[in-house]
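Residue numbers (the numbering used here), protein chains in the order written: chain S, 1 to 208; chain E, 1001 to 1208. Below is one structure; the comments refer to it alone.
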DNA sequence: ACGCTATGTTGACGCTGTCAAGAGAAAGGC
DNA sequence: GCCTTTCTCTTGACAGCGTCAACATAGCGT
């Protein structure tokens, strides 16, 4: 039972994760080489293995670190938004879009079949925290009588929609003929969902 | 220049693709080995390379073959559905769900960063055909006065929603606490979208 | 002082994708 | 006829990869 005794004791672990995240900026996770990362940091090819045990667990930790960073950015974006629940939801969607655009391979790694949440506690924890953030932000947009089950379903659908548009857009899978940006599609879809929840028609207004 | 002179001349190419698809049933694309596939078919380790040039192009062809098969199944499902446009859209969503559940790794390969549509004509063609099927099925659900641009946007959002729910569900990313199956979420979301399309419209959206 | 645990190193193994060169058959012009 | 080209496929080699095993070195509690 020991935590970090001093801030720079186990820096290698963090440096490995940071180096991997840096490479993921322009390289898919599957062609990421542990040996190259180790060499880049000037350590032996076994150093990553010492700390993480296997490539899979290392990648899971990388994904966890990336997701944790995304969670922090999303929280900051929500805090900076207006006090309106709907505005905060839009801000969260913007943060999601920004994250997947800046780090598509981190997102792909965290949500793909390569690693499982059980592969590293960092990833498991990060996934829970991100989901809680999504859930709470969406729950704040619900009318007062909404049941928790209904809120969960709406959160799942909302997240899936933002996720789908963002991911298809990030990997260029949406046809170029569509006369809208991914941002427009996402915000329109959210407005539509919000309107459906409150079930009386009005013109949704949100800033940006 | 010749095409298939006889039905069993270039069978190796197809057999390679089929063997790869079979392995993708329970193995992620990234840990698929061309050498193993070749050995399984009793040919040399260079045989796949002869036909496809590189691992990337081979995987693109595999993804294309898988997508083409998915397109056929989706078409069949639509044909078997009732004559109602909404029923056909639901049937298409069911086919999509079934495909991603049966072949999650094929779907992941075709929509991920590993291969690009330009890597093999088969994939490019299959992507176009699937999109056309989606677009046409969704277009049939639009009120008569809908513009083509609006239809395109709605098709993109609808597809993204189905895609998001299906993919998150297929890879176990949706929390277990949600009191609904992926099928229920998908069909509820589609019903909501359909209702939104036919209901009195809110503000006309932005232009191009 | 001693051993334990954490942290890193070196060396080897089998597997992978890819390159290079060649074998054998079919196709087609002379 | 034959000769050349093309297509299909094989064999052999190479560097890079993840991983296993064994060893080195420090810090620390007892």
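Just so it is clear, CB atoms sit at the ideal spot from N, CA and C, and this is done for glycine as well.
Anticipated Cβ contact below 8 Å, residue 1209/E with residue 197/S, distance rounded: An answer regarding residue 1209/E cannot be provided, because it is not within the stretch 1001 to 1208 covered by chain E.
C-beta contact flag for residue 209/S and residue 138/S at 8 Å: A query on residue 209/S cannot be resolved here, the shown segment of chain S reaching from 1 to 208 and no further.
Short CB-CB distance (under 8 Å) between residue 1175/E and chain S: yes
Per-residue DSSP class, three states only, for residue 144/S: coil
Buried versus exposed, by CB contacts within 10 Å (16 or more), residue 1143/E: So residue 1143/E counts as exposed.
Boundaries of the alpha helix (DSSP H) in which residue 107/S is found, first to last residue: 104-111
Local conformation of residue 179/S per DSSP, three classes: coil
CB contact below 8 Å: residue 1030/E versus chain S: yes
Cβ pair count under 8 Å reaching 3, the stretch 1119-1126 of chain E against the stretch 1048-1064 of chain E: yes
Nearest-angstrom Cα separation, counted from residue 1020/E out to residue 1036/E: Cα to Cα, the separation comes out at about 10 Å.
Local conformation of residue 221/S per DSSP, three classes: Lying before the first or after the last residue shown, residue 221/S is absent from chain S, which here runs from 1 to 208.
Where the alpha helix (DSSP H) containing residue 48/S begins and where it ends: Looking at the DSSP string, the run of the alpha helix (DSSP H) that includes residue 48/S is 47-52.
Short Cβ contact (8 Å threshold) for residue 1061/E with residue 1017/E: yes
Spatial neighbours of residue 1204/E in its chain, beta-carbon cut-off 6 Å, leaving aside the 5 residues before and after: The pLDDT assigned to residue 1204/E is 47, lower than 50, so where the model puts this residue is not dependable; a value taken from the coordinates is nonetheless given after this. So no residue of the chain qualifies.
Cα-Cα separation, residue 1125/E to residue 43/S: 46 Å
Top-ranked residue by Cα proximity to residue 182/S, from 107/S, 73/S, 104/S, 94/S: 94/S
Proximal chain S residues relative to residue 1185/E, where beta-carbon distance stays under 7 Å: 153, 156, 157
Neighbour flag for residue 1205/E against chain S, beta carbons, 8 Å: Confidence is the limiting factor: at residue 1205/E the pLDDT is only 45, short of 50, which leaves the residue's position unreliable and the question unanswerable from this model.
Continuous alpha helix (DSSP H) stretch holding residue 1030/E: start and end: For residue 1030/E, there is no enclosing alpha helix (DSSP H), as DSSP gives it neither H nor E.
Same chain only: Cβ atoms within 8 Å of residue 1135/E, ignoring 5 sequence neighbours per side: 1151, 1152, 1155
Of the listed residues 1027/E, 1022/E, 1015/E, 1012/E, nearest to residue 115/S (C-alpha basis): 1027/E
Neighbour-count burial assignment, residue 1172/E, 16 or more Cβ in a 10 Å radius: exposed
Best match in 67/S, 79/S, 86/S for proximity to residue 102/S [C-alpha to C-alpha]: Residue 67/S is the option with its Cα nearest to residue 102/S.
Assigned secondary structure, residue 1173/E (DSSP; H/G/I helix, E/B strand, else coil): Three-state DSSP puts residue 1173/E in coil, outside helix and strand.
Spatially closest choice to residue 140/S from 83/S, 47/S, 169/S, by CA coordinates: 83/S
Supposed contact pair residue 86/S and residue 12/S - C-beta distance, whole angstroms, cut 8 Å: Contact flag wrong, Cβ pair sits at about 45 Å.
Buried/exposed call for residue 162/S, threshold 16 Cβ in 10 Å: So residue 162/S counts as buried.
Buried/exposed call for residue 50/S, threshold 16 Cβ in 10 Å: exposed
Contact under 8 Å by Cβ, residue 34/S with residue 48/S: yes
Whole-angstrom distance between residue 133/S and residue 1160/E, CA atom to CA atom: Between the alpha carbons of residue 1160/E and residue 133/S lies a distance of about 22 Å.
Per-residue DSSP class, three states only, for residue 1020/E: Here residue 1020/E sits in helix by DSSP.
Residue burial classification, residue 199/S (beta-carbon count within 10 angstroms, cutoff 16): exposed
Between the CA atoms of residue 1078/E and residue 108/S - distance to the nearest angstrom: The alpha-carbon atoms of residue 108/S and residue 1078/E are separated by roughly 31 Å.
Cβ-Cβ distance between residue 1100/E and residue 1170/E below 8 Å: yes
Selection of the stretch 127-145 of chain S by Cβ proximity to chain E, strictly under 8 Å: 127, 131
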